[in-house]
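Residue numbers (our numbering): 687 to 867.
Right under this line is the structure:
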């Protein structure tokens, strides 16, 4: 084999290896997601491109993506409110988890924009919207940040942990929003 053939073979092998590495990262480490709709306003906006990390431990208030249970071929992005075993209640626009008031600082900006005197989040209990008193084992209760315009756990019920595609951590586009969430 002459020198040019060796260089060409090395270059081809390098790009094949790089493509395999990127494919494996995409399959097992992260997934790119395009935000569609306004259910996560103002945290995430329609059209933003984000990265969701796979195989992470899901914690309360993480933003996750999962297949829409009511719309095949579509994914939803929502915030985890309830973990397995939790009781959930909203009263006077305040979240109560296991009968304790829990602050939601990510909603402060949006609550400040509400001018009609109505709450951002209407009153409800978990049992009223799901028929369950507690979030079942292996399930999560999720809500969009735009509580008045979000098809979330109040309508679609619980999300099984095995259905979660990833934990949204980074905004890629637009560039002025580039960075961690």
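Cβ coordinates follow ideal geometry from the N, Cα and C atoms, glycine included.
Computed from a prediction, not measured in an experiment: that's the story for all the values here.
Whose C-alpha, out of the options, is nearest the C-alpha of residue i?
i	options	result
residue 804	687, 826, 784, 777	777
residue 787	728, 800, 767, 796	767
residue 722	761, 702, 744	761
residue 866	689, 707, 730, 708	730
residue 732	861, 829, 720	720
residue 840	808, 849, 860	808
residue 815	780, 838, 692	838
residue 782	687, 746, 849, 802	746
residue 799	833, 862, 842	833
residue 743	852, 829, 690	852
residue 824	850, 708, 842	850
residue 827	862, 695, 775, 789	775
By Cβ distance below 8 Å, which residues in the same chain neighbour residue i in space, the five residues on each side in sequence not counted?
i	result
residue 819	773, 812, 813
residue 822	770, 844
residue 689	none
Give a single yes or no on whether residue i has its beta carbon closer than 8 Å to a heavy atom of the ligand NAD.
i	result
residue 803	The ligand NAD is not among the ligands present in this structure, which contains no ligands whatsoever.
In angstroms with no decimal places, state the Cα-to-Cα distance between residue i and residue j.
i	j	result
residue 946	residue 796	For the chain, the structure presents residues 687 to 867; residue 946 sits outside this window and is missing.
residue 749	residue 764	5 Å
residue 724	residue 753	17 Å
residue 835	residue 710	36 Å
residue 848	residue 739	14 Å
residue 855	residue 728	16 Å
residue 791	residue 698	51 Å
residue 860	residue 717	17 Å
residue 780	residue 829	14 Å
residue 884	residue 692	An answer regarding residue 884 cannot be provided, because it is not within the stretch 687 to 867 covered by the chain.
residue 751	residue 695	41 Å
residue 810	residue 759	30 Å
Using a Cβ-Cβ cut-off of 7 Å (strictly less than) and excluding sequence neighbours within five positions of residue i, which residues of its own chain qualify?
i	result
residue 793	806, 831
residue 858	735, 736, 737, 864
residue 868	Given that the chain is displayed from residue 687 to residue 867, the structure contains no residue 868 and the question cannot be resolved.
residue 784	772, 773
residue 881	Here the chain covers residues 687 to 867 and nothing more, so residue 881 does not appear.
Please classify residue i as buried or exposed, where buried requires at least 16 other C-beta atoms within 10 Å of its C-beta.
i	result
residue 801	exposed
residue 756	exposed
residue 702	exposed
residue 707	exposed
residue 726	buried
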